[in-house]
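Inspection log for the structure reproduced underneath, given as structure tokens.
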Amino acid sequence: MKKFTVLCVAGTRPEAIKMAPVIKALKDVPELNVIVLTTAQHRGLLDQVFTLFDIQCDYDLNVMTQNQTLPELTAKLMTGIDSVLDNVKPDLIVAQGDTTTVFVTSLAAFYRKTPFAHVEAGLRTNNLYSPFPEEANRVLTGHLSTLHFAPTQTSRENLLKEGIRAENIHVCGNTVIDALLETANLDTPLEMAIPDDARVILVTSHRRENFGQALDNICHAILRLSEKYPDCHIVYPVHPNPNVTETVTRLLSGKPRITLTKPLEYDKFVAVMKRAVIILSDSGGVQEEAPALRKPVLVLRRETERLAALRCGVTRLVGTEEDDIVREASRLLDSEEEYKKMATGESPYGDGHSSKKITAAIVEYLKTHQQS
Ligand code: UD1
Ligand code: UDP
């Protein structure tokens, strides 16, 4: 039987985490020749994930520069990705999510008339500027994709509303749960000086629409929480984007009961999520993972595309106003009853078998559409 070449592409930390189980599942299929391309839109953040999951990249475009602008990044990615496509001539390309890497990969695939499979398809806020530029990336990628792997029914419905054909949409859950369950099983110890009896509040932030005043507000809210709750300890792994590090270190470094760290390796981050009582975050992935670990997330954004978690009450949108963040965090820290309402363990993003379902659909597609 003909061997099919599948090119898997990832450029940032969350793509590597969510693609790692897909790459492994594809590599288990003898009829597939799996090639991995990293754009390295991220560098340090990305490399630590590939190391943890033992993934070797066949091509590395190494495009990251300090504080890269979107136009520079987009242009570099297009020529780099296209030259790899020219070399590899894949039968199908797979990428996950809504970063610039993913959007450009789908466009490069389209220019070569190569089928593109989109993992985590159909997420929408219906506000093109929030998250920015990710919402536009999702919509554009959605319309350039051949196969759509939607994590939830809501994502499937979003795609149907935009005219995507039902037979090309597969609801598979989110591959982040595959990665999370495997990693949580490692039971990596928490290597951090935190008093044993402290209640841990975990914080992450990196969204572009929060740069400036919103991130200032978030930091002031964290400071107030650390003063109001001396029995709590805040852990904040700071994203290396200079727009984030400058604000966070200016406002929070050296403060008692606040640990600012470099971004944590995924297994260490999972260990902190497990230890946390609540999580404050504007991350997409964290909104999907934390419910599976029974941890309430207060989402530091005005809107979210992760509606399944919001609807079952395991995450809550709190926005980026200082008073709102302090009030909603206090509600959970003060009341066991309020806490239990959110920490239900309901996990709407799958059962840890998404990658196998995606792989089966890809193999089926390739066999059905093979050129004789
Ligand atoms: C990117 C994605 C965003 C995703 C996020 C995950 C786009 C436009 N944005 O945002 O959708 O949620 O990744 O984290 O695709 N940097 C480093 N080392 C790293 C990574 C980043 O120093 O390993 C710094 C660099 O100065 C870089 C800057 O962060 O220029 C911004 O990186 P970039 O990939 O443009 O955007 P993110 O804000 O990380
Ligand atoms: N994460 C990590 N180390 C950290 C912070 C986050 O490994 O210090 C993981 C987190 O568990 C999730 C992913 O990174 O799987 C989310 O990445 P990010 O928030 O940067 O991107 P988003 O999901 O918002 O696109």
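Per my numbering, the very first residue in the sequence shown carries number 257; after that it's consecutive. Every residue, glycine too, gets a C-beta built ideally from N, C-alpha and C. No experiment lies behind these values; they were computed from the predicted model shown.
* **residue 556 beta carbon less than 8 Å from that of residue 584** => no
Three or more beta-carbon pairs under 8 Å between the stretch 542-553 and the stretch 596-610, yes or no?
-> yes
*asked:* Does residue 394 come out as helix, strand or coil in the three-state DSSP assignment?
replied: helix
| said: I need the DSSP call for residue 506, collapsed to helix, strand or coil. | reply: helix
Going by DSSP in three states, residue 382 sits in which element: helix, strand or coil? coil
In this structure, how does DSSP classify residue 488 when only helix, strand and coil are distinguished?
strand
**Asked** What residue range is occupied by the uninterrupted alpha helix (DSSP H) comprising residue 618?
**Response** 610-625
- prompt: So which residues put a beta carbon under 6 Å from any heavy atom of the ligand UDP, going in chain order?
  reply: 269, 270, 273, 432, 460, 462, 493, 519, 520, 522, 525, 539, 540, 541, 542 and 545
| What three-state label does DSSP hand residue 539 in the structure shown? | coil
Legend entry - Pick from 617, 622, 459 and 518 that is closest to residue 581, judged by C-alpha positions: 459
Here's a check: name, in chain order, each residue in its chain whose Cβ is nearer than 7 Å to the Cβ of residue 616, leaving out the five neighbours to either side.
none
- Should residue 385 be labelled buried (16 or more other beta-carbon atoms within 10 Å of its own) or exposed? exposed
Review point. From residue 328 to residue 454, what does the alpha carbon distance come to, in whole angstroms?
Key: 45 Å
Residue 509: buried (16+ other C-beta within 10 angstroms of its C-beta) or exposed? exposed
Problem set entry | Check: residue 370 C-beta below 7 Å from any heavy atom of the ligand PLP | Here the bound small molecules are the ligand UD1 and the ligand UDP; the ligand PLP is not part of this structure.
With a 10 Å radius around its C-beta and 16 neighbouring C-beta atoms as the bar for buried, classify residue 449 as buried or exposed. exposed
field: Distance, residue 587 Cα to residue 571 Cα
entry: 14 Å
*asked:* With H, G and I counted as helix, E and B as strand and the rest as coil, what does DSSP make of residue 315?
replied: strand
Tell me where the alpha helix (DSSP H) around residue 285 begins and ends. Residue 285 -> no alpha helix (DSSP H), and no H or E assigned at all.
Self-check item: Three-state secondary structure assigned by DSSP to residue 513
Solution: coil
inquiry  = So for residue 568, helix, strand or coil by DSSP?
reply    = coil
message: Taking 6 Å as the limit between beta carbons, can you name the residues of its chain near residue 380, skipping five residues before and five after?
response: 414 and 561
| Between residue 499 and the rest of its own chain, which residues show a CB-CB distance below 7 Å, the 5 nearest in sequence each way excluded? | 467
- Item | Closest residue to residue 399 among 366, 408, 383 and 431 (Cα-Cα distance) | 366
Buried or exposed, going by whether 16 or more other CB atoms sit within 10 Å of the CB of residue 473?
buried
**Report entry** residue 399 in three-state terms, based on DSSP
**Finding:** helix
| field | 3 or more residues per run - each beta strand (DSSP E) lying fully within the stretch 288-362 | value | 288-294 and 348-352
Rounded separation between residue 300 and residue 495 - CA only
11 Å
query = If you compare alpha carbons, which of 369, 512, 519 and 418 is closest to residue 484?
reply = 512
Using a Cβ-Cβ cutoff of less than 7 Å, which residues in the same chain neighbour residue 359 once the five nearest sequence positions on both sides are dropped?
393, 396 and 397
If you drop the 5 nearest sequence neighbours on each side, which residues of the same chain put their C-beta closer than 8 Å to that of residue 480? 578 and 582
> Out of curiosity, what's the CA-to-CA distance linking residue 575 and residue 461?
Replying inline: 12 Å
Q. From the DSSP output, which residues share a beta bridge with residue 467?
A. According to DSSP, residue 467 bridges with nothing at all.
query = residue 399: beta carbon under 7 Å from a heavy atom of the ligand UD1?
reply = no
By Cβ distance below 7 Å, which residues in the same chain neighbour residue 308 in space, the five residues on each side in sequence not counted?
521, 522 and 523
| message | the ligand UD1 and residue 410: does the residue's C-beta get closer than 7 Å to at least one heavy atom of that ligand? | response | no
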